[in-house]
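Here's what the structure looks like:
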């Protein structure tokens with residue numbers, strides 16, 4: 001496990017290679033967004049799943065709140081139609 005990873009993920013059930021790998025991929029996603037680089041070619045559903053998995057190791061209560069208020073699945077489901085101009089964009 002990466003140094004310091006366990007202290008930031010208090011509910012991580014056991015040391016796993018997945019958590020540092022997920023954190024690495026999410027950091028790369030965050031950097032692409034922060035630098036206004038394109039993310040449309042990424043597997044955003046997988047990124048979203050990783051985000052929720054990492055968040056659940058930090059705070060299950062927050063994860064529940066995010067799932068209840070999350071619009072990402074809806075946005076990703078509409079992506080193909082929006083890109084094809086079949087439906088208008090919504091913000």
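In the UniProt record's numbering, the protein residues as written are 1 to 91. We put the beta carbon where it would ideally sit given N, CA and C, even for glycine.
May I have the straight-line CA-CA distance separating residue 63 from residue 30, to the nearest angstrom?
19 Å
Assuming residue 44 and residue 76 are in contact, meaning their beta carbons sit under 8 Å apart, how far apart are those beta carbons, in whole angstroms?
6 Å
Suppose you measure from the CA of residue 25 to the CA of residue 19; what does that come to, to the nearest Å?
10 Å
Under a Cβ-count criterion, where at least 16 other Cβ atoms within 10 Å of its own Cβ denotes burial, should residue 28 be classed as buried or exposed?
exposed
Which of the three DSSP states, helix, strand or coil, is assigned to residue 84?
coil
Can residue 72 and residue 48 be called in contact, C-beta distance under 8 Å?
yes
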